[in-house]
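Engineer: Position one of the sequence shown corresponds to residue 14 (my numbering), numbered consecutively onward. Encoded as structure tokens, here's the structure I'll be asking about.
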Amino acid sequence: MVTNKMTDNANNNRVALITGATSGIGKAIAETFAKAGYKLAINGFGEKSGIDQVLAELKKAGAPQAVYIASDMGKAADVEQLIASTNEQLGSLDVLVNNAGIQHTDNIEDFPPEKWDQVIAINLTAAFHTIRLSVPLMKARNFGRIINIASVHGLVGSCQKSAYVASKHGLVGMTKVVALELAETGITCNAVCPGWVLTPLVEKQVAAIAERDKINYEAAVHKLVSEKQPSNKFVEQAELGALCLFLASDAARSITGVSLPIDGGWTAR
Ligand code: NAD
């Protein structure tokens, strides 16, 4: 019989590392895991006061421990330190959420090569490093949940997003390989593929449309969302948290290697 084990996780005091959790989707996922009683490690950029506030909110929400580990996901040595420090400070690493990500938009012929390198480094190569370093820790306990925040752009393309789409398709591909390699263990690896979610990353794209088309903010939001997302509304950040929490649960042990759209119908077209 399948029981709801999500509450059991709270008793287990499992440890979740969520990258890029100082803002947007990562922060919302961290809040959901805090409410479920996970110990949390986070990283991401931001002012010290803002980061302290995030940690305080996570503890208030229910995280028995919440630590911030400064690390630039574009630097392999930093990622190595992030994984080691999570394990040392919190005593385990049970759930890895690869969320940190960046965007750059330009037509292919105008795309700055250094922007290509940055997008691939943060969105794809960083996840390679976190996964390769986490798997031995997870194997030692025969439990692990690897959740890669990809995108609908891991499944379909859009103009001016060559690096982002390549990085997210790469992440979806790596998810399948990791799932296959670990299929007989207690470790799963899945990708989550959100459509439009209103976060600072998307705010920049709304602002760019408003400026380009000389329209106001509301009109730019409508233009952005309605072009691709049949629901005509943003996916809420909390929906991402709930989906990740389920994928981390014991009940999701047989779900591995999937790339799950949460996109208001975008990829159904
Ligand atoms: P965001 O810009 O609000 O947050 C990104 C987070 O990543 C921040 O905490 C930032 O500090 C961190 N980060 C960026 N570069 C980093 C680096 N080098 N080292 C450490 N941390 C770094 O963005 P978001 O919209 O919340 O996006 C989160 C993830 O969701 C990304 O992977 C993004 O591609 C994906 N996603 C977002 C949407 C959307 O509509 N917002 C849709 C699909 C997928």
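Backbone N, C-alpha and C define an ideal beta-carbon position, used for all residues, glycine too.
Span of the beta strand (DSSP E) holding glutamate 30?
Structural biologist: The sequence given here has leucine at residue 30, not glutamate. Counting along the chain, the beta strand (DSSP E) containing leucine 30 begins and ends at 28 to 31.
Engineer: Among all the DSSP beta bridges, which residues are the ones paired with alanine 261?
Structural biologist: The partner list for alanine 261 (beta bridge, DSSP) is empty, contrary to what the question assumes.
Engineer: If I'm right that glutamine 116 touches leucine 211 with Cβ under 8 Å, what's the distance once you round it to whole angstroms?
Structural biologist: Rounded, the Cβ-Cβ distance is 14 Å, inconsistent with contact.
Engineer: Apart from the five residues just before and just after arginine 225, which ones in its own chain have a Cβ nearer than 7 Å to its Cβ?
Structural biologist: none
Engineer: Got a sec? Which residues, its chain only, sit under 7 Å from glycine 277 by beta carbon, not counting five neighbours each side?
Structural biologist: Gly208, Gln242, Pro243, Ser244, Lys246 and Val248
Engineer: Give a single yes or no on whether aspartate 65 has its beta carbon closer than 7 Å to a heavy atom of the ligand NAD.
Structural biologist: Every heavy atom of the ligand NAD is 7 Å or more from the Cβ of aspartate 65, so no.
Engineer: So who's on the other strand from threonine 188, going by DSSP bridges?
Structural biologist: DSSP output for threonine 188 lists no bridge partner at all.
Engineer: Residues in the same chain with beta-carbon distance under 6 Å from valine 185, minus the five sequence neighbours each way, listed in chain order, please.
Structural biologist: Ala163, Gly167, Ala204 and Ser272
Engineer: By DSSP's criteria, arginine 158 is part of a beta bridge. Which residues make up the other side?
Structural biologist: Listed as beta-bridge partners of arginine 158 by DSSP are Val108 and Thr201.
Engineer: Which of the three DSSP states is assigned to leucine 195 in this structure?
Structural biologist: coil
Engineer: Just verifying my parser: in three-state terms, what is the DSSP assignment at valine 210?
Structural biologist: strand
Engineer: With DSSP as the reference, label isoleucine 38 as helix, strand or coil.
Structural biologist: helix
Engineer: Write down every uninterrupted run of the beta strand (DSSP E) in the segment 55 to 140 whose length is 3 residues or greater and which is fully enclosed by it, in chain order.
Structural biologist: 79 to 81 and 108 to 111
Engineer: So the candidates are Gln131, Thr45, Glu60 and Ala281; which of them puts its Cα closest to the Cα of alanine 169?
Structural biologist: According to the sequence provided, residue 169 is valine. The question's alanine does not apply to it. It is Ala281.
Engineer: Residues bridged to isoleucine 275 by DSSP?
Structural biologist: Pro207
Engineer: Count the other C-beta atoms from every protein chain shown that fall within 10 angstroms of the C-beta of aspartate 107, then say buried if there are 16 or more, exposed otherwise.
Structural biologist: buried
Engineer: Excluding sequence positions up to five away, which residues of its chain have a Cβ less than 6 Å from the Cβ of proline 126?
Structural biologist: none
Engineer: Of all the options Ile135, Gly63 and Ile55, which has the alpha carbon lying nearest to the alpha carbon of alanine 76?
Structural biologist: Ranking the options by Cα distance to alanine 76, first place goes to Ile55.
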